[in-house]
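Chains as they are written, first to last, in my numbering: chain B, 37 to 254; chain G, 5 to 236.
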């Protein structure tokens, strides 16, 4: 089974040289730490920055330079700043190659819910609805089951939707799965020490298993 | 031409109860903090505020919420504010949550003189309820209307008396598109400079969009999430 860092490490392998990448809040943010040096990528932060760098050194924080999670960050050489309309323009126009975000639920047809729990939590969708509506390459990073032990990979989402038929791949602490265009979670890899039976038990939606399922290499 | 006013109080002199205001900023970053303080002092109420976030409990729009001056918030993300959540759940505050790109682009449309935009954001979700859907090239898009705001209030780094503005780093965010979108636009700047000091090739907001400008003093520029790494 993977911890959060492990999920981030596995997703980092999906990041290809030359990509522009948008990372959501939480586990997706950690992915930046595991992209190999030889893979040249530019991180987009939807508050208006291309070329996001690491956190500043202590004492060098700039209140005018933050990421979409409102964390103080740095700008790398060659970065570009722009306004919010242009930021979502480049997202809508599919210039961003890969979007990695968290989710509360994903359905077997690729619907995603991650912004609202009626009566309990209303924080808003931020940029997530724009990202999932336009991005062609969306990876969800999340736990396989929620705190109550219920599967987050479902036949249909029960929470208010963020977007429909958009998630292409999911990486959890248990497995890597593709969401097939015709519907269903296709099991690609098992996390170290996790059995197919455990993944079956944690997946409420349609799970497709073909042949031997290899263990992840991280 | 001289758009300079003495300060925030003069800039907001004709903002009245029930008006619709756009407020720039992303979280605490690039927030028109001086004008917000003047609005709190003036006590105008029943405001509709269009802003990406709702501030925190003791800073930014949170201060207006605390005084019950806001009737309705139009935002994309409103976490990190306990008083906001309380007013929302108790029904005291009306809230319209919309996708962040939709929020920015509805500002942009107003500034470009376009009545509406089409965006795929929100298709198939509760955001789409009651809105016109159009299919272009096999994909569904929602029709979203340009905003209609009485005042836009923005924060820039530098500006001149003609209203030309330059922003600094990611404090730019919503400020340029909101500056374009108000019937009256108020700009507060850290530094008011003479015409000619700003390079015409590097103006972010041309002065035609700005009606009033003043230099604020002692910016707090609060940091919401201070994240650092250690030098080794």
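Backbone N, C-alpha and C fix where the C-beta goes; we use that ideal spot for every residue, glycine too. Treat the numbers as computed from the prediction; the structure is a model and nothing was measured.
Residue i - DSSP class collapsed to helix/strand/coil
i, result
"residue 212(G)", "helix"
"residue 55(G)", "coil"
"residue 172(G)", "coil"
"residue 235(G)", "coil"
"residue 229(G)", "strand"
"residue 239(B)", "coil"
"residue 140(B)", "coil"
"residue 125(B)", "helix"
"residue 134(B)", "strand"
"residue 80(G)", "coil"
"residue 217(G)", "strand"
"residue 232(B)", "helix"
"residue 37(G)", "helix"
"residue 83(B)", "coil"
"residue 189(G)", "strand"
"residue 107(B)", "strand"
"residue 120(B)", "helix"
"residue 51(B)", "coil"
"residue 154(G)", "strand"
"residue 14(G)", "helix"
"residue 273(G)", "Residue numbering for chain G in the displayed model covers 5 to 236; residue 273(G) lies beyond these limits and cannot be assessed."
"residue 270(G)", "There is no way to answer for residue 270(G), as the model of chain G reaches only from 5 to 236."
"residue 48(G)", "coil"
"residue 121(G)", "strand"
"residue 100(G)", "strand"
"residue 267(G)", "Residue 267(G) falls outside the range modelled here, since chain G spans only 5 to 236, and no answer is possible."
Best match in the options for proximity to residue i [C-alpha to C-alpha]
i, options, result
"residue 177(G)", "62(G), 217(G), 29(G) and 38(G)", "29(G)"
"residue 55(G)", "228(G), 113(G) and 108(G)", "108(G)"
"residue 42(G)", "68(G), 34(G) and 53(G)", "68(G)"
"residue 130(G)", "116(G), 146(G), 138(G) and 89(G)", "146(G)"
"residue 260(B)", "172(B), 183(B) and 42(B)", "Here chain B covers residues 37 to 254 and nothing more, so residue 260(B) does not appear."
"residue 162(B)", "246(B), 226(B) and 105(B)", "105(B)"
"residue 61(B)", "119(B), 214(B), 140(B) and 254(B)", "140(B)"
"residue 76(G)", "62(G), 57(G) and 98(G)", "98(G)"
"residue 227(G)", "102(B), 230(B) and 191(B)", "102(B)"
"residue 230(G)", "26(G), 11(G) and 31(G)", "31(G)"
"residue 37(G)", "233(G), 236(G), 219(G) and 235(G)", "219(G)"
"residue 85(G)", "195(G), 12(G) and 64(G)", "64(G)"
"residue 177(B)", "245(B), 188(B) and 232(B)", "188(B)"
According to DSSP, residues forming a beta bridge with residue i
i, result
"residue 100(B)", "The partner list for residue 100(B) (beta bridge, DSSP) is empty, contrary to what the question assumes."
"residue 152(B)", "158(B)"
"residue 94(G)", "Per DSSP, none; premise fails for residue 94(G)."
"residue 205(B)", "175(B) and 214(B)"
"residue 31(G)", "Paired residue(s): none; residue 31(G) is not in a bridge."
"residue 244(B)", "222(B)"
"residue 227(B)", "Paired residues: none, contrary to the question."
"residue 144(G)", "139(G)"
"residue 170(B)", "Answer is none; residue 170(B) lacks a bridge partner."
"residue 251(B)", "226(B)"
"residue 56(B)", "78(B)"
"residue 164(G)", "197(G)"
"residue 187(B)", "181(B)"
"residue 159(G)", "192(G)"
"residue 199(B)", "148(B)"
Neighbouring residues, chain G, relative to residue i (Cβ below 8 Å)
i, result
"residue 196(B)", "129 and 130"
"residue 108(B)", "227, 229, 230, 231 and 232"
"residue 170(B)", "124 and 125"
"residue 94(B)", "232, 233, 234 and 235"
Cross-chain neighbours of residue i in chain B, by beta carbon under 8 Å
i, result
"residue 176(G)", "84, 117, 118 and 119"
"residue 138(G)", "What residue 138(G) touches in chain B: nothing, since even the nearest Cβ is about 14 Å away."
"residue 219(G)", "In chain order: nothing, as chain B lies at least about 17 Å away."
"residue 81(G)", "159, 160, 161 and 162"
Chain G residues whose Cβ lies nearer than 7 Å to that of residue i
i, result
"residue 279(B)", "The structure shown does not extend to residue 279(B), since chain B spans only 37 to 254, so no value can be given for it."
"residue 158(B)", "92"
"residue 245(B)", "Those do not exist, as residue 245(B) stays about 29 Å from chain G at its closest Cβ, beyond 7 Å."
Within chain B, the residues that residue i reaches when beta carbons sit closer than 9 Å
i, result
"residue 75(G)", "In chain order: nothing, as chain B lies at least about 18 Å away."
"residue 33(G)", "83, 99, 100, 101, 102 and 106"
"residue 41(G)", "Residues of chain B passing the Cβ test: none, with the nearest at roughly 17 Å."
"residue 63(G)", "The contacting residues do not exist; residue 63(G) stays about 12 Å from chain B at best."
Rounded distance between the beta-carbons of residue j and residue i, thought under 8 Å
i, j, result
"residue 58(B)", "residue 108(B)", "Rounded, the Cβ-Cβ distance is 19 Å, inconsistent with contact."
"residue 174(B)", "residue 202(B)", "6 Å"
"residue 125(G)", "residue 105(G)", "6 Å"
"residue 170(G)", "residue 185(G)", "19 Å between Cβ atoms; not a contact."
"residue 174(G)", "residue 85(B)", "5 Å"
"residue 158(G)", "residue 115(G)", "With 8 Å as the limit, residue 158(G) and residue 115(G) do not qualify as a contact, their Cβ atoms being about 12 Å apart."
"residue 39(G)", "residue 190(G)", "6 Å"
Check: residue i C-beta below 7 Å from any heavy atom of the ligand NAD
i, result
"residue 11(G)", "Of the ligands one can find in the structure shown there are none, so the ligand NAD has no counterpart to examine."
Partner residues on chain B for residue i, Cβ-Cβ distance less than 7 Å
i, result
"residue 112(G)", "121"
"residue 256(G)", "Nothing can be reported for residue 256(G): it is not among the residues displayed for chain G, which extend from 5 to 236."
Chain G residues whose Cβ lies nearer than 9 Å to that of residue i
i, result
"residue 199(B)", "124, 125, 126, 127, 128 and 129"
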